[in-house]
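Reading through the structure tokens given below for one structure.
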Amino acid sequence: MPRYELITKSGFAAQAWRRVDSYAFAATDAVAPLVVQELAKACVSLPIAFIRQNDVFVPHAVQGLEPGRNLFVVNGKWVAPYTPAAYRGYPFALAQGDGDDLHLCVDMDSGLVGAGEGFDQPFFDDAGEAAQPVKDALNFLQQIHRNRAVTQRVCAALAAEDLFQPWPLKVQGPDGERRIDGLFRIDEACLNSLDADALHRVQQAGGLPVAYCQLISMSNIQTLGLIQRKLAEVKTRMPEMSDQIDVDGILQRHKSSLPEQDLAPAENDNVVNIAADEGDFDLSAFVKPRQND
5 MPRYELITKS
15 GFAAQAWRRV
25 DSYAFAATDA
35 VAPLVVQELA
45 KACVSLPIAF
55 IRQNDVFVPH
65 AVQGLEPGRN
75 LFVVNGKWVA
85 PYTPAAYRGY
95 PFALAQGDGD
105 DLHLCVDMDS
115 GLVGAGEGFD
125 QPFFDDAGEA
135 AQPVKDALNF
145 LQQIHRNRAV
155 TQRVCAALAA
165 EDLFQPWPLK
175 VQGPDGERRI
185 DGLFRIDEAC
195 LNSLDADALH
205 RVQQAGGLPV
215 AYCQLISMSN
225 IQTLGLIQRK
235 LAEVKTRMPE
245 MSDQIDVDGI
255 LQRHKSSLPE
265 QDLAPAENDN
275 VVNIAADEGD
285 FDLSAFVKPR
295 QND
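In my numbering, the protein residues as written are 5 to 297.
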């Protein structure tokens, strides 16, 4: 669990930080929240679903097929083309102060805060002001915070037109089939049947891009199955190489072999196979040599 501490001049003047060099901190996140500002980029490579939180629907990147496992983090490396904004501000976060005040905090258990060699980013400059990278982090997190409010309003407009439906995702594995519950998707049939007034309300709220981004993203759910299958194959067939798997290469090979598809979600976007892989290829071509080899 992260341990966030408020950044103050008295507490951090003698300390420094370093930038993220591993996404191991996100390795157990099966989902990550998204904001509307990033959906257009996220939908190209990440599966997106809505999760209901206190009767509010929030878009999330689906990153795993079981609790506690993020398949987009392999040996500390983020392997998808897009990284959710929720991770790009780490090790910083915002804390709510009095009223609408937001204060910058840092995760003291991140391993990215300290003094001495390796910590090359001071929190404060020689004049005692927040250093520019710290100001940049604060500005970035404030943008995300503001966009969360926009995201909530857009999703409320979609919910008002009853455009969310459960996404009945099933995972087929060697031990049979299991379900993943709690995910929602856009009801495409309902969206297409909206009358002119309802469609105008959704459009005015900015809901159409959000709806289409989610629908487009659904085919990416198969990427999770591909990664899990390949990681399992390497662990079984080449266990000594399991920390050297080139997931980027696997994903590029898979992408180049796919036929052109319509943007509309297909029926198999409800089923992910992790038990077998048709058209297997030589895994040894996707293992990176060690640095000292």
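We put the CB at the ideal spot given by N, CA and C, even for glycine.
In this text the structure is predicted, and so the values were computed from the model without any measurement.
Of the candidates Ala18, Gly115, Glu42 and Cys109, the residue whose Cα lies closest to the Cα of Asp25 is Gly115. The criterion of a C-beta distance shorter than 7 Å is not satisfied by Leu167 and Ile148. Contact check for Val154 against Val40 passes: the beta carbons are separated by less than 7 Å. Taking the CA atoms as reference points, Asp273 sits about 14 Å from Ser49.
In the DSSP assignment, Asp111 forms a beta bridge with Tyr8. DSSP, read as helix, strand or coil, puts Glu121 in coil.
Going by C-alpha positions, Ile11 is about 26 Å away from Ala31. In this structure, the beta-carbon distance from Lys45 to Tyr8 does not fall below 7 Å. By the criterion of a C-beta distance shorter than 6 Å, Leu162 is surrounded in its chain by Gly211, once the five residues flanking it on both sides are discounted. Between the alpha carbons of Val158 and His204 lies a distance of about 13 Å. Cα atoms of Leu195 and Lys174: separation of roughly 24 Å, rounded to the nearest angstrom. Scanning the segment 125-202 from its first residue to its last, the whole beta strand (DSSP E) runs of 3-plus residues come out as 168-170, 173-177, 180-184 and 188-190. Bridge partners of Ile55 according to DSSP: Val62. Ala36 places its beta carbon less than 7 Å from that of Ala65. Taking one beta carbon from each stretch, the segment 55-69 and the segment 116-135 have fewer than 3 pairs nearer than 8 Å; the two do not touch. Between Ala34 and Gln67, the C-beta spacing is below 7 Å. Between the segment 225-239 and the segment 69-81 there are three or more inter-stretch CB-CB distances shorter than 8 Å, so the stretches are counted as touching.
A direct Cα-to-Cα measurement between Trp171 and Ala202 gives close to 23 Å.
Classified as buried, Gln218 has 16 or more neighbouring CB atoms from the shown chains inside 10 Å of its CB. The shortest C-alpha to C-alpha distance from Asp104 to any of Ile184, Asp179, Ala53 and Arg150 is the one to Arg150.
Per DSSP, Pro85 lies in no alpha helix (DSSP H) segment and is marked neither H nor E. Distance from the CA atom of Ile184 to the CA atom of Ala215, rounded to whole angstroms, is 21 Å.
Going by DSSP, Val214 is part of the alpha helix (DSSP H) stretching over Gly211 to Ser221.
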